[in-house]
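Just so you know, this note's numbering puts the end of the sequence shown at 631, numbered straight through with nothing missing. Beta carbons: idealized from backbone N, C-alpha and C, even for Gly.
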Amino acid sequence: MTKGRQWVLVKPYDGLPKRTDLELQKFEIPDLKDGEMLIAAEALSVDPYMRYWGSALKKGDTIMGQIVARVVKSNNPGFKAGDRVSAFTGWVSHAVVSSHTSSDFVDLLNHFPVTKIPDSLKDYPPSLSLGVLGMPGLTAYFGILRVGKLKPKDTVFVNAAAGAVGSLVGQIAKIKYNRCTCKTTKQGCKVIGSTGSDEKVKYLTEELGFDAAFNYKVVTHDKLSETLSKLAPDGIDVFFENVGGEASSVVYKHLNKNGRVAVCGSISNYNCPEDAMPKVTEFIQHLFYKSIQIQGFIVLEFMSEFEGALKEMAGWMQEGKLKYREHVHKGFDKMFDAFMDLFAGNNIGKVVVTV
């Protein structure tokens with residue numbers, strides 16, 4: 277029987293995951309039943325949600341996650357050997373999958389319907405279907421346009437702005453309402469980002485077209501309000517929240533009346549015990565007297581619209597409007613290293629592992 281490899285949880289996370297919490301194991305690949313197929317991973321995704329939802333994993337469970345893979349053998353009439361697919365199999369080198377779905381979200385991440393990568397994307401690297409043309413891209417697209425309700429003239433602030441999602445949020449806002457291409461510059465959106473290094477600030481402003489950006493390690497909490505006042509003197513209309521923490525409370529003070537907050541994640545809190553997390557009381561008053569709308573979301577809510585969104589974003593890429601970077605680790609044994617790079621902020625763009 278052919279063997280595959282998988283990363284499994286051997287000890288529940290306590291704060292930042294440790295290498296000893298996970299183990300790389302071999303497993304026997306079972307024979308295919310009717311409707312099933314064997315797939316082999318080409319690229320695997322590493323994302324912040326894996327830490328948050330990882331708390332639901334039990335000892336011996338495979339670490340959750342999405343892969344892009346080739347079909348090796350198929351007993352499913354909808355797929356043939358050689359097809360490229362996307363699937364939520366977890367951190368595995370090989371998997372036997374079908375095309376069923378689940379209604380439970382935690383279970384859904386590991387039992388998501390297997391999706392064939394469209395032929396229109398065959399000329400792109402497989403890993404892009406885990407990034408700009410995958411869940412991060414879709415999260416940015418629906419998060420800023422549908423949840424953030426982006427409008428002309430909006431000032432947008434996004435934290436973790438050089439990450440897989442944040443870097444696309446700012447670009448999509450500029451593509452939709454570019455201050456240089458609108459009939460008047462007053463119709464375009466202004467985009468401001470925060471990130472964790474001067475190199476990333478330069479990337480945002482010089483390559484991605486952000487109007488302004490700052491290094492939050494330099495602009496510390498006590499300087500943040502002053503910095504936002506300078507960069508967004510007319511206030512902030514849309515806050516795309518990826519980070520959480522005390523700094524976010526300061527941002528709320530700069531939101532305009534009828535401001536919108538799209539809550540995508542809270543990476544700064546994922547490794548914190550619950551009793552150590554910042555409290556929300558400080559910014560609650562801004563919500564009611566400014567009529568601020570705050571909405572958390574999971575991109576799977578927009579699943580029925582994925583095809584159209586991916587087509588539009590692929591078009592922007594072909595036109596040179598939507599840019600991306602990948603932070604690539606090579607080798608299945610590098611999964612944990614890639615995971616730690618994510619929480620250390622060592623990446624620019626999407627973190628992926630290729631095999």
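Nearest neighbour of residue i, chosen from the options [CA to CA]
i           : options               : result
residue 633 : 451, 418 and 431      : No answer is possible for residue 633: the residues shown for the chain start at 277 and end at 631.
residue 409 : 609, 611, 617 and 594 : 594
residue 634 : 353, 354 and 390      : This structure cannot settle anything about residue 634, because the visible part of the chain is limited to 277 through 631.
residue 343 : 361, 522 and 423      : 361
residue 492 : 477, 482, 486 and 485 : 477
residue 303 : 278, 522 and 354      : 278
residue 605 : 412, 542, 618 and 498 : 618
residue 336 : 352, 407 and 299      : 299
residue 328 : 319, 340 and 318      : 340
residue 505 : 522, 436, 494 and 532 : 532
residue 616 : 280, 599, 297 and 282 : 297
residue 562 : 452, 486 and 525      : 525
residue 289 : 282, 280 and 333      : 333
residue 521 : 581, 503, 496 and 502 : 496
residue 374 : 347, 422, 399 and 395 : 347
Residue environment, residue i, which counts as buried when at least 16 other CB atoms sit within 10 Å
i           : result
residue 470 : buried
residue 534 : exposed
residue 567 : exposed
residue 560 : exposed
residue 564 : exposed
residue 292 : exposed
residue 416 : buried
residue 295 : exposed
residue 611 : buried
residue 368 : buried
residue 530 : buried
residue 625 : buried
residue 331 : exposed
residue 312 : buried
residue 443 : buried
residue 571 : exposed
residue 589 : buried
residue 353 : exposed
residue 306 : exposed
residue 326 : buried
residue 542 : buried
residue 381 : For residue 381, the predicted structure reports a pLDDT of 45, less than 50, and the residue's modelled location is therefore unreliable. A value from the coordinates is still provided. Looking at its Cβ environment, which holds fewer than 16 other Cβ atoms inside 10 Å, residue 381 is exposed.
Beta carbon of residue i nearer than 8 Å to that of residue j
i           : j           : result
residue 432 : residue 393 : no
residue 363 : residue 420 : no
residue 621 : residue 472 : yes
residue 449 : residue 465 : yes
residue 484 : residue 446 : yes
residue 321 : residue 397 : no
residue 614 : residue 414 : no
residue 345 : residue 318 : yes
residue 438 : residue 519 : no
residue 629 : residue 608 : yes
residue 463 : residue 509 : no
residue 486 : residue 538 : no
Check: residue i C-beta below 7 Å from any heavy atom of the ligand MN
i           : result
residue 585 : Only the bare structure without any ligand can be found here, which leaves the ligand MN out of the picture.
Assumed close pair residue i, residue j - CB separation to whole angstroms, cut-off 8 Å
i           : j           : result
residue 284 : residue 338 : 6 Å
residue 583 : residue 403 : Actually they do not touch by this definition, with Cβ atoms about 20 Å apart.
residue 540 : residue 517 : 6 Å
residue 514 : residue 426 : 6 Å
residue 351 : residue 287 : Not quite, the Cβ-Cβ distance comes to about 37 Å (not below 8 Å), so this is no contact.
residue 500 : residue 523 : 6 Å
residue 587 : residue 451 : Actually they do not touch by this definition, with Cβ atoms about 14 Å apart.
Neighbour flag for residue i against chain B, beta carbons, 8 Å
i           : result
residue 467 : The chain inventory of the structure shown lacks chain B, comprising one protein chain alone.
Check: In the stretch 466-493, which residue ranges form an unbroken beta strand (DSSP E) of at least 3 residues, counting only runs that do not cross its ends?
Finding: 466-471 and 488-491
Note to self: Could you tell me which whole alpha helix (DSSP H) segments of length 4 or greater appear in the stretch 492-521?
What the structure shows: 497-507
Checklist line | Complete runs of the alpha helix (DSSP H) confined to the stretch 398-457 [at least 4 residues] | finding: 411-418 and 442-452
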